[in-house]
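Read in order, the letters of the sequence shown are residues 1 to 195 in the UniProt record's numbering.
Heads up, the beta-carbon is just placed ideally off N, CA and C, and yes, glycines get one too.
Note that this is a predicted model, so its numbers are computed, not measured.
I have placed the structure first, in the form of C-alpha cells, so that the comments after it can refer back to it.
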Amino acid sequence: MTVQQETFKDEIESLNSSSQKKVPLVRQLKLYTDKNGLLRCTGRIQNAPVKESTKYPLLLPTHHSLTSLIVMDAHTKTLHAGLNSTIAYIQQKYWIPRIRQCVKSQIRGRREFISLQNVLQFATGSTEEPVLGFTLHPSIDFVEVKQGSSFLPTANTCINTMQLPRPSLLIDLPPTEELFKLYDYAFLNTYFGLY
C-alpha cells in the first residue's frame with residue numbers, strides 16, 4: 001500500500017467511481033491517476049516548457065513521515081536557505097496541501113548553515129587558505145572552562161588557533177541547544193566589521 005492509498009482513500013474512490021459528485025480535493029486540484037497509479041495534480045502550467053513532474057506534481061499528505069523526509073531533504077539541498085526556497089524546491093515535484101505550514105513546522109528551530117569558510121575565518125581571519133598554505137597550520141585546542149567563564153569559543157588569528165571550551169569536573173556542559181547557539185554566534189559573526 002502506498003502513502004497515497006493510505007492517506008487519500010476517499011479521493012481515490014471518488015476518481016474511480018462514475019459519480020459526477022467528486023470529493024473537494026479532487027475538484028480543487030483536478031486530481032488524476034497516472035499510469036503508475038499515483039495521484040497527480042493538474043496545475044495551471046500545462047503549456048509551460050517545464051518538466052512533466054513540475055506540470056503534474058505528485059500529491060503528498062501534509063502529515064506523514066515521507067513528507068517530513070522530503071521536506072528535510074529539500075531544506076538540506078537548498079543549503080538551509082529558508083522557508084520560501086524550500087517550498088519552491090519541493091513544488092518542482094510535489095504538491096503538499098498547506099505546504100507553508102508543513103515546511104515551517106519541519107524547519108523551525110533548525111540551526112543556520114555554517115560553512116567551513118565560517119569556521120576557517122573564525123580561526124584564521126581568512127575565508128580561504130593562502131596559495132602557499134598557512135605558515136602555522138590551523139589547530140583546535142580544547143580548553144577547560146573555569147568558574148564564571150563562558151562556553152563561547154575563542155580564536156587567536158595570529159597563530160591560527162581556535163579554543164573550544166570543554167567542561168571541567170566542577171562545571172557541566174550546558175544543554176546542546178544553548179551550546180550550539182554560542183557556537184553559531186561565534187562562527188557567524190567573524191567578519192571584523194570589514195564588509
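Check: When the Cα of L31 is compared with those of H80, Y94, L83 and V71, which residue comes out closest?
Finding: Y94
Notebook entry, point to check: What runs of the alpha helix (DSSP H), each 4 residues or longer, lie entirely inside the stretch 78 to 113?
Noted result: 83 to 90 and 99 to 107
Check: Taking the alpha carbon of Y185 as the point to measure from, which residue in R40, H137, L83 and F151 has its own alpha carbon closest?
Finding: F151
Notebook entry, point to check: With which residues is N156 paired in a DSSP beta bridge?
Noted result: T161
Item checked: CA nearest to the CA of Y89, picked from F180, V3, P57 and E178 -> P57
Margin query: Which of the three DSSP states is assigned to S18 in this structure?
Written below: coil
Next item on the list: Please classify V71: does DSSP put it in a helix, a strand, or coil?
Entry: helix
Next item on the list: Put V143 into one of helix, strand or coil per three-state DSSP.
Entry: strand
Margin query: Can you look up Y185 in the DSSP assignment and give me helix, strand or coil?
Written below: helix
Check: How big is the Cα-Cα spacing for V103 and K9?
Finding: 24 angstroms
Next item on the list: Pick out whichever of A48, I171 and Q163 has its Cα sitting closest to the Cα of Y183.
Entry: Q163
Check: From R166 to T2, what does the alpha carbon distance come to, in whole angstroms?
Finding: 48 angstroms
Item checked: Option nearest G133 by Cα separation, candidates P175, N160, M72 and L59 -> N160
Notebook entry, point to check: Could you give the C-beta distance for Q4 and L59, rounded to a whole number, given that I count them as a contact under 8 angstroms?
Noted result: 7 angstroms
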